[in-house]
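Student: Take the position in the sequence shown, starting the count at 1, then add 2; the result is the number in the numbering used here.
Starting off with a structure, shown below.
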Amino acid sequence: MTASSRAAGVRCALMRGGTSKGALFLAEDLPTDRTERDALLLRIMGSPDPRQIDGVGGAHPLTSKVGVVSVSADPEADVDYLFLQVVVDEPVVSDSQTCGNILAAAGAFALERGLVTATGETSDVRIRLVNTGGLATLRLQTPDGAVTYDGDAEVSGVPGTAAPVSIMVEPGSAPLLPTGNLVDELAGVAATCIDNGMPSVIVRAGDLGVSGTEDPADLEADDKLVARVREIRAAAVAAMGLDPDLDATTVPKIVLVAEPHAGGSISTRSFIPVRVHQAVGVLGAASIAAAAVLPGTVADGLAVRSAGDRVRVEHPTGFLDVEIAPGDGPDPVIARTAVVRTARMLFDGIVYPGPVR
Ligand code: NQM
3 MTASSRAAGV
13 RCALMRGGTS
23 KGALFLAEDL
33 PTDRTERDAL
43 LLRIMGSPDP
53 RQIDGVGGAH
63 PLTSKVGVVS
73 VSADPEADVD
83 YLFLQVVVDE
93 PVVSDSQTCG
103 NILAAAGAFA
113 LERGLVTATG
123 ETSDVRIRLV
133 NTGGLATLRL
143 QTPDGAVTYD
153 GDAEVSGVPG
163 TAAPVSIMVE
173 PGSAPLLPTG
183 NLVDELAGVA
193 ATCIDNGMPS
203 VIVRAGDLGV
213 SGTEDPADLE
223 ADDKLVARVR
233 EIRAAAVAAM
243 GLDPDLDATT
253 VPKIVLVAEP
263 HAGGSISTRS
273 FIPVRVHQAV
283 GVLGAASIAA
293 AAVLPGTVAD
303 GLAVRSAGDR
313 VRVEHPTGFL
323 DVEIAPGDGP
333 DPVIARTAVV
343 RTARMLFDGI
353 VYPGPVR
């Protein structure tokens, strides 16, 4: 006799990565067939219920994320990290983007599961971003041969402090300027389409009749603005060569930028792409920072450059600093992008998917 009739469980860690939260799995613990895998993840996260009440998703895109990690066959990487966005209220699992916040958790997860071994006080984990083909090197704190989450790094939007996770990102194969232009006119508005890790469309908030400092909820409630953002997105997918099915993809992000108002370099509000981010994505910020440092973009003239390579991206709950260095040559390229995040193991165990519905 069995103790209960629940479905077979799956080994899973629930982790915070930066300002996001997600379920982390070893690839070997999930079905290899994509359709089966996605159906299982929908049941685990509780989608497509808007409250995800029967799953472990947090009913917001920032807390409905999945990372799948495995040992890499690529000699340049220790592990592969596949990111999957589980859409909250649609039966959709999208691999159209990666996620730099959950990336911060993926490094610690690789150490926790023994896919990589700590090498000293700090350990570097080289991660292949499967979604984009990019590569990132994470430096994690590993005193006593194990990853620690305790430390004094602060991340805006996360209470308290935690161990720093330094992330150095190398570009993927996607061109920095997917349309080949610094500025395009999309649905009647000037926009910079840029991809320094996250396909993004940068638009001046003032051009859409808002200040760019509003609360996310106020922007989401502005029906006229939301309709304009969708029009811009529709024009952008065509111009950037992205999946035209706006309901099945989570890119590009539409970012409203304005002059800084809190001592940073640039103020931002990001549609990701339907809900408005409570903070800013990591690679989203890397892409915004790239637009801020390249002359001739729509951010040129709004962004205030601080000393050195730092661009301080203001967002609804604080700021995110990006260390960014453009290349030396005449072409607009980014030579180096780095950020600091924190991560934490929240729960490690067995997750039980809801019934097939
Ligand atoms: O841009 C949200 C997040 C993200 C993505 C989103 C991210 C990134 O904050 O690297 O981290 O833009 O969908 O988790």
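Backbone N, C-alpha and C fix where the C-beta goes; we use that ideal spot for every residue, glycine too.
Remember, predicted model here, so these are calculated numbers, not experimental data.
Please indicate yes or no: does the CB of Leu285 lie closer than 6 Å to some heavy atom of the ligand NQM?
Tutor: Residue mapping note: residue 285 aligns to position 283 of the sequence shown, counting from 1. Yes, the Cβ of Leu285 comes within 6 Å of a heavy atom of the ligand NQM.
Student: Run the proximity test for Lys363: is its beta-carbon closer than 6 Å to any non-hydrogen atom belonging to the ligand NQM?
Tutor: Coverage of the chain is limited to positions 3 through 359, which leaves residue 363 absent and any answer about it impossible.
Student: Counting pairs of Cβ atoms below 8 Å between the region 264 to 275 and the region 174 to 191, do you hit three or more?
Tutor: No, the region 264 to 275 does not touch the region 174 to 191.
Student: As a quick exercise: from Pro63, Leu142, Val157, Gln54, pick the residue whose alpha carbon is nearest that of Arg277.
Tutor: Numbered from its first residue, the sequence shown carries residue 277 at position 275. Nearest C-alpha to Arg277: Pro63.
Student: Since Arg141 contacts Ser98 with CB under 8 Å, what's their CB separation in whole angstroms?
Tutor: Numbered from its first residue, the sequence shown carries residue 141 at position 139. Numbered from its first residue, the sequence shown carries residue 98 at position 96. 28 Å between Cβ atoms; not a contact.
Student: Identify the continuous alpha helix (DSSP H) that holds Leu43 and give its terminal residues.
Tutor: By 1-based counting over the sequence shown, the position of residue 43 is 41. Element bounds for Leu43: 36 to 47.
Student: Going by C-alpha to C-alpha distance, which of Phe349, Thr344, Pro355, Arg359 sits closest to Gly159?
Tutor: Here the question's residue 159 lines up with position 157 in the sequence shown. For the residues Phe349, Thr344, Pro355, Arg359, the minimum Cα distance to Gly159 belongs to Thr344.
Student: Closer than 6 Å to a non-hydrogen atom of the ligand NQM - does that hold for the CB of Met200?
Tutor: Here residue 200 is taken as the residue at index 198 of the sequence shown, counted from 1. Yes, the Cβ of Met200 comes within 6 Å of a heavy atom of the ligand NQM.
Student: Please work out which residues of its chain come closer than 8 Å, Cβ to Cβ, to Ala29, disregarding the five sequence neighbours upstream and downstream, and give them in chain order.
Tutor: Position 27 of the sequence shown, counted from the first residue, corresponds to residue 29. Answer for Ala29: Val70, Val71, Ser72, Asp82, Leu84, listed in chain order.
Student: Check each candidate in Pro50, Thr339, Phe27, Leu32 and name the one with the smallest Cα separation from Val358.
Tutor: The count along the sequence shown starts at 1 and reaches residue 358 at position 356. Residue Pro50 is the option with its Cα nearest to Val358.
Student: Is the Cβ-Cβ distance between Met200 and Ser289 less than 7 Å?
Tutor: Taking the sequence shown and counting its residues from 1, one reaches residue 200 at position 198. Taking the sequence shown and counting its residues from 1, one reaches residue 289 at position 287. A contact, by the Cβ cut-off of 7 Å.
Student: May I ask which residues mark the beginning and end of the alpha helix (DSSP H) holding Glu222?
Tutor: Residue mapping note: residue 222 aligns to position 220 of the sequence shown, counting from 1. Per DSSP, Glu222 belongs to the alpha helix (DSSP H) from 218 to 222.
Student: For the beta strand (DSSP E) that contains Val278, what are its first and last residues?
Tutor: Locating residue 278 in the sequence shown gives position 276, where the first residue counts as 1. Careful: Val278 lies outside any beta strand (DSSP E) and carries neither H nor E.
Student: Tell me the DSSP secondary structure of Met3 in three-state form.
Tutor: Here residue 3 refers to the residue found at position 1 when the sequence shown is read from its first residue. In this prediction, Met3 scores a pLDDT of 46, lower than 50, which makes its location untrustworthy; no coordinate-derived value is stated.
Student: As an exercise, report each continuous alpha helix (DSSP H) stretch of at least 4 residues that is fully enclosed by the region 178 to 259, in chain order.
Tutor: List check, alpha helix (DSSP H) in window: 218 to 222, 225 to 242.
Student: Out of Leu221, Asp152, Val231, state which residue places its alpha-carbon closest to the alpha-carbon of Gly190.
Tutor: Taking the sequence shown and counting its residues from 1, one reaches residue 190 at position 188. Checking every option, the nearest Cα to that of Gly190 belongs to Val231.
Student: Taking the Cβ atom as the reference point for each residue, do Pro254 and Ser308 lie within a distance shorter than 7 Å?
Tutor: On the sequence shown, position 252 is the one that residue 254 refers to. On the sequence shown, position 306 is the one that residue 308 refers to. Not closer than 7 Å, so no.
Student: Closest to Ile326 by CA distance: which of Thr339, Met17, Val315, Pro334 is it?
Tutor: Here residue 326 is taken as the residue at index 324 of the sequence shown, counted from 1. Of Thr339, Met17, Val315, Pro334, the residue nearest in Cα terms is Thr339.
Student: Measure the beta-carbon distance from Thr251 to Leu244 and round it to whole angstroms, keeping in mind my assumption that it falls under 8 Å.
Tutor: Residue numbering aside, residue 251 sits at position 249 when the sequence shown is read from its first letter. Residue numbering aside, residue 244 sits at position 242 when the sequence shown is read from its first letter. Confirmed, Cβ separation roughly 7 Å.
Student: Using a 10 Å radius around the Cβ and a threshold of 16 neighbouring Cβ atoms, would you call Met3 buried or exposed?
Tutor: The residue you call residue 3 lines up with position 1 of the sequence shown. Reliability fails at Met3, whose pLDDT of 46 lies under 50, so the model's placement of it is uncertain and the value that follows must be treated cautiously. Met3 should be labelled exposed.
Student: Helix, strand or coil for Gly136, going by three-state DSSP, please let me know.
Tutor: In the sequence shown, residue 136 corresponds to position 134, counting from 1. Correct three-state label for Gly136: strand.
Student: Starting from Leu105 and walking both ways along the alpha helix (DSSP H), at which residues does that stretch end?
Tutor: In the sequence shown, counting from the first residue as 1, residue 105 sits at position 103. From DSSP, the alpha helix (DSSP H) with Leu105 extends over 102 to 114.
Student: In three-state terms, what does DSSP make of Gly331?
Tutor: On the sequence shown, residue 331 is found 329 positions in, with the first residue counted as 1. Of the three classes helix, strand and coil, the one that applies to Gly331 here is coil, per DSSP.
Student: Kindly confirm or deny that the region 114 to 124 and the region 303 to 320 touch, where touching means at least three C-beta pairs closer than 8 Å.
Tutor: In short, these stretches do not touch, since the Cβ pair count stays below three.
Student: Tell me whether Val295 sits in a helix, a strand or coil according to DSSP, three-state version.
Tutor: Here residue 295 refers to the residue found at position 293 of the sequence shown. Helix, per DSSP.
Student: In three-state terms, what does DSSP make of Ser72?
Tutor: Within the sequence shown, the letter at position 70 stands for residue 72. Correct three-state label for Ser72: strand.
Student: Taking the DSSP output, what are the residues bridged to Ala155?
Tutor: By one-based count along the sequence shown, residue 155 stands at place 153. Ala155 pairs with Ala164.
Student: Can you list, in chain order, the residues of its chain whose CB lies under 8 Å from that of Ile352, leaving out five sequence neighbours each side?
Tutor: Taking the sequence shown and counting its residues from 1, one reaches residue 352 at position 350. Gly11, Val12, Arg13, Cys14, listed in sequence order.
Student: Please classify Gly182: is it buried, with 16 or more other beta-carbons within 10 angstroms of its beta-carbon, or exposed?
Tutor: The residue you call residue 182 lines up with position 180 of the sequence shown. The residue is exposed, with fewer than 16 neighbouring Cβ atoms inside 10 Å.
Student: Measuring only from the beta carbon, is Ile55 closer than 6 Å to any heavy atom that is part of the ligand NQM?
Tutor: Position 53 of the sequence shown, counting from 1, holds the residue named residue 55. No, the Cβ of Ile55 stays beyond 6 Å of every heavy atom of the ligand NQM.
Student: Are the CB atoms of Thr21 and Ala291 within a distance shorter than 7 Å?
Tutor: Mapped onto the sequence shown, residue 291 falls at position 289. Mapped onto the sequence shown, residue 21 falls at position 19. Going by C-beta atoms, Ala291 is not nearer than 7 Å to Thr21.
Student: Note down the Cα distance separating Arg45 from Ala260, rounded to an integer number of angstroms.
Tutor: Position 43 of the sequence shown, counted from the first residue, corresponds to residue 45. Position 258 of the sequence shown, counted from the first residue, corresponds to residue 260. Whole-angstrom Cα-Cα distance: 40 Å.
Student: Out of Leu248, Pro166, Asp323, which one is the CA nearest neighbour of Ser269?
Tutor: Counted from its first residue, the sequence shown places residue 269 at position 267. Of Leu248, Pro166, Asp323, the residue nearest in Cα terms is Asp323.
Student: Select from Ile234, Glu316, Gly329, Asn198 the residue whose C-alpha is nearest the C-alpha of Gly102.
Tutor: As a working mapping, residue 102 is identified with position 100 in the sequence shown. Here the closest residue by C-alpha is Asn198.
Student: Leaving out five residues on either side along the sequence, give the residues of the same chain with a beta carbon under 7 Å from the beta carbon of Arg53.
Tutor: The residue you call residue 53 lines up with position 51 of the sequence shown. So the list reads Ala61, once near-sequence residues are dropped.
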